[in-house]
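Quick mapping for you: the protein sequence lines, in order, are chains Y and E. Each residue of the first sequence is one higher than the last, beginning at 463 in this note's numbering. Each residue of the second sequence is one higher than the last, beginning at 463 in this note's numbering. No residue lacks a Cβ here, since even glycine has one placed at the ideal position from N, Cα and C.
2 protein chains.
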Amino acid sequence: MTPDEFRRAGHAVVDWIADYWATVGQRPVTSQDPPGAVAARLPAGPPEHGEPVEAVLADLDALVVPGLTHWQHPGFFGYFPANTSGPSVLGDLVSSGLGVQGMLWATGPACTELETVMLDWLAELLDLPKRFRSGSGGGGVIQDSASSATLVATLVALHRAGGGRWREVGVDRRHRAYASTQGHSSIEKAARIAGLGADGVRPVEVDPETQAMSPAALRAAIEADVAAGVVPAIVVATVGTTSTTAVDPLPEIGAICAEYGIFLHVDAAYAGAAAVCPELRFGHAGLEYADSYCFDPHKWLLTGFDCDAFWVADSAELIEALSVLPEYLRNAATESGAVIDYRDWQVPLGRRFRALKLWFVLRWYGVAGLRSHIRSGVALAARFAERVGGDDRFALVGAHPYSLVCFRLRADDEVNAELLARVNATGRVHLTHTRVDGRYTLRLAVGSPQTTEAHVDEAWSLLGDAADALLPR
Amino acid sequence: MTPDEFRRAGHAVVDWIADYWATVGQRPVTSQDPPGAVAARLPAGPPEHGEPVEAVLADLDALVVPGLTHWQHPGFFGYFPANTSGPSVLGDLVSSGLGVQGMLWATGPACTELETVMLDWLAELLDLPKRFRSGSGGGGVIQDSASSATLVATLVALHRAGGGRWREVGVDRRHRAYASTQGHSSIEKAARIAGLGADGVRPVEVDPETQAMSPAALRAAIEADVAAGVVPAIVVATVGTTSTTAVDPLPEIGAICAEYGIFLHVDAAYAGAAAVCPELRFGHAGLEYADSYCFDPHKWLLTGFDCDAFWVADSAELIEALSVLPEYLRNAATESGAVIDYRDWQVPLGRRFRALKLWFVLRWYGVAGLRSHIRSGVALAARFAERVGGDDRFALVGAHPYSLVCFRLRADDEVNAELLARVNATGRVHLTHTRVDGRYTLRLAVGSPQTTEAHVDEAWSLLGDAADALLPR
């Protein structure tokens, strides 16, 4: 494809996206197609000869779009949103066009340095402790997801706990990871990948009121384990759990980790973004204890997936844990010690130029624009919670400090599951569920920049209608 | 950013990329800036208020582009190329605009099904064994990189070798991974991540002529290890090693793996793409023995990074090894068993809609266009090798079955390192180096769709000039 062919086709694709965004709110949020419908519409093999872009775009409309879950729909309230934005898409487009592979500083000096600076900008934006900034012994890096951040943190912790022998002899299965029972499933997966197995994770009880990790339970678990010859290697604390956005108390957890010399990773995948607003930084109290921290700009900071921002307080230790240096990657810049090679900060070798989308987002919105986006989400969630709280058939489940509201009908789990199924079947909204204290609970998470009061009110109206049918007043 | 603002800015960015591609060949391939130059040009923090896209694009030109290594430059011959193309960028742009997160079938039915079909298309295109196709017990998935594919293969192998106990109790450090001394560094990294440590990798000697794994050495290593109580868990064979594109003999290696019940992963990260041409499928002989296989469309198949295509012969075993199912991800489609949830096929939870760029590439080029691209690379490499072979100051190192040529001056390592430094300092080309049998060796890898005979001839001419200065005739 020549540059001029690309120019013409590129304008068409940009227009396609602009039209999609302008109309996405009119589509059903999720596909009504059964499994296999999309695959059945596609040919069995690739075409022998090339086709024009117009043919592919026509099939995009006819074959692919009807089979989508529309994550950017203003009525998408499921999971945590993975919102994107115009500037993010533009930054990513530049990244695709440059096609830079930034595994080493030498293979992409600007790719590396813009990333370092963007992570410092984000650290300032969230008012993270100084120790995470570059030039202070720490530093940040973009991971694909919080799952990978948790895995990397686990590996560094095992390296530290292994006293330098982990790289050579492998994992010591006496090492243990601690997380609350509400910690993300990626903690269990990281422990499995790292060779600890399910037995290597110690679930710590939560306070039933707050769903946050109980420091007393953590201490008790550590003491019992140490007495039994088990070696605590890492505690993963969560700021904003996936189920209910509970906030583990970092001041107490951090003090315990410091006392026992345990690596502390803080997973703020979703809620970390809230810290762009000074009044929403409460979850980060005690963060100065953390050895590593992450949050996902791709969840609630207008940056397209994938973009997890991960910081460590001791970058030398991270590099020591993960570096491998074959001859074909040796180069003068690396050997000078004056540069960062981000391949040593992650699992894969290669990496895209993801800092560009952060740069575009941070500059387009500015600090003020990002704060406004977060505050809008919090206000919409509060508005929805007020509706729920004002209807005595419903119960709010826990607090809603960010933009997630958990709630249920005062009825059996089956009725709540049916409620969820009915509102989702309208195609106007998409909510998901969890279990809190074993009980089926609905979740409504606000995050899309397109979501307004009207969309939240519509969600409430649909829920009310379904409740009328299921549970007559 | 409204859809109309996005439309205007998007056209500008598309034009920027078209102009960049039209002129990239006139830029120095690598930046002349010292470490820190890009960072020093950037403000210390994010702007308080938003800025227009034009301001960011102006800074892209002024601050970022001068600090780039231009991977899409027609004179980029380093590492293995990570080539992209117009249709790939367009497919990725659609993916960014849709902002779909395809962790589950339910969160992106079309994202999941298009990926399954594209991996089947690729399997057909490369004529991979039937066992890797969906519907035959196997199936394909997009990983970010071959590093991650090797890690996933290692985890599945450890699950199998652990007899089902690995998920629960963790890794058994008696398990061992085997790869040739020329295997990629990601094999060592995967073993380290998986908790085996460096001791868990047994490097197998290569045939000094071909640099390919010696089956006799593999058998000897396995027999000695088994006798010593070590348990062989996985062999990673390489089709097209990073140093020299050596091809490990799969028929012999596969038979040994079958005899001992060892998991066989085949890493064809770079060279696998060659198999789109029937006459270049020799490296895949014996692939029917493999339990898993991968190659990178992002290296030599016109698809932008990241896009590694990874297949397993037994998808149920893969899912068993990697699945974790928290309540908040439970859904009817998953429980029906009728769908694929690709989160269980990879390390992270979240995933982008990367199948779109493959779809755009496969349809724009068609089978014929892709074959033509591969053949062009092979022919250009052969042309360059002919020049090298015709100059008795130079020696070709090994064969050049694909598009990589290894060579050196008949002189000391220092002279060869200086030769590389001088040609790279011209800014017209970028080559990298390796060591073969301990000797410093230059590598020229062709891959960019913009590279023509003139660029390869220029590389040769620059090498000749530098050789004249270093080693007068």
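According to DSSP, residue pairing for Trp773 (chain Y) in a beta bridge involves Y:Gly602, Y:Tyr755.
Restricting attention to beta strand (DSSP E) runs no shorter than 3 residues, the segment 859 to 893 of chain E encloses them at 866 to 871, ordered along the chain. The residue among E:Leu680, E:Phe542, E:Ala841, E:Glu630 with its C-alpha nearest the C-alpha of Arg905 (chain E) is E:Phe542. Two segments are said to touch when three or more pairs of C-beta atoms, one from each, lie closer than 8 angstroms; by this definition the segment 549 to 556 of chain E touches the segment 762 to 772 of chain E. Separation of the CB atoms of Val603 (chain Y) and Glu577 (chain Y) is rounded to 7 angstroms, and the pair is thereby assigned contact status at 8 angstroms. Between His892 (chain E) and Thr492 (chain E) the beta-carbon gap is near 6 angstroms, inside 8 angstroms, which marks them as a contact.
Among the residues of chain Y, those whose CB is under 7 angstroms from the CB of Phe822 (chain E) are Val518, following chain order. Rounded to the nearest angstrom, the gap between the Cα atoms of Trp478 (chain Y) and Arg814 (chain E) is 19 angstroms. By the beta-carbon neighbour count (other beta carbons within 10 angstroms, threshold 16), Arg825 (chain Y) is buried. Under the Cβ distance rule, Val885 (chain E) does not count among the residues neighbouring chain Y, no pair being separated by less than 7 angstroms. Per the Cβ contact rule, the segment 696 to 704 of chain Y is in contact with the segment 603 to 618 of chain Y (3 or more Cβ pairs under 8 angstroms). Val618 (chain E): member of the alpha helix (DSSP H) spanning 608 to 623, first to last residue. In the structure shown, the three-state DSSP call for Asp661 (chain Y) is helix. Taking a contact to require three or more Cβ pairs closer than 8 angstroms, the segment 841 to 857 of chain Y and the segment 589 to 602 of chain Y do not qualify as touching.
Taking C-beta atoms as the reference points, Pro536 (chain E) and Gly487 (chain E) count as a pair closer than 7 angstroms.
Assigned with DSSP and collapsed to three states, Ile696 (chain Y) falls in strand.
Ala778 (chain E) and Val668 (chain Y) have their C-alpha atoms some 34 angstroms from each other. Annotated as distal: Ala771 (chain Y) and Pro788 (chain Y), with beta-carbon spacing of 7 angstroms or more.
Here the segment 570 to 586 of chain E makes no contact with the segment 562 to 577 of chain Y; the two share fewer than three CB pairs at distances below 8 angstroms.
Residue state for Ala817 (chain E) is assigned as helix, using DSSP reduced to three classes.
The Cβ of Ile479 (chain Y) sits closer than 7 angstroms to at least one Cβ of chain E.
When E:Ala623, E:Ala502, E:Leu519, E:Thr706 are compared, the shortest CA-CA separation from Gly645 (chain E) is found for E:Thr706. Every unbroken stretch of the beta strand (DSSP E) spanning 3 or more residues and falling wholly within the segment 704 to 743 of chain Y is given here in chain order: 725 to 729. By the rule that beta-carbons nearer than 7 angstroms mark a contact, Pro509 (chain E) touches chain Y. Shown here for Ala568 (chain E): same chain residues with a beta carbon closer than 6 angstroms to its own, the five before and five after excluded, namely Asn793, Ala795 in chain order. Not one beta carbon of chain E lies nearer than 7 angstroms to the beta carbon of Ala817 (chain Y). Assignment of beta-bridge partners to Thr903 (chain E) by DSSP yields E:Thr896. When the beta-carbon positions are compared, Asp687 (chain E) and Leu726 (chain E) stay at least 7 angstroms from each other.
Per DSSP, reduced to three states, the secondary structure at Met580 (chain Y) is helical. In this structure, DSSP gives His637 (chain E) an extended state, which the three-state scheme calls strand. Gln494 (chain Y) is classed as exposed because its beta carbon has fewer than 16 other beta carbons within 10 Å across all chains shown. Rounded to whole angstroms, the gap between the alpha carbons of Ala747 (chain Y) and Val709 (chain Y) is 10 angstroms. Among the bridge pairs identified by DSSP, Val701 (chain E) is matched with E:Val709. When 7 angstroms is used as the limit between beta carbons, Glu650 (chain E) is near these residues of chain Y: Val786, in chain order. When DSSP states are grouped into helix, strand and coil, Val823 (chain E) belongs to the helix group. Residue range 915 to 932 is occupied by the alpha helix (DSSP H) that includes Asp919 (chain Y).
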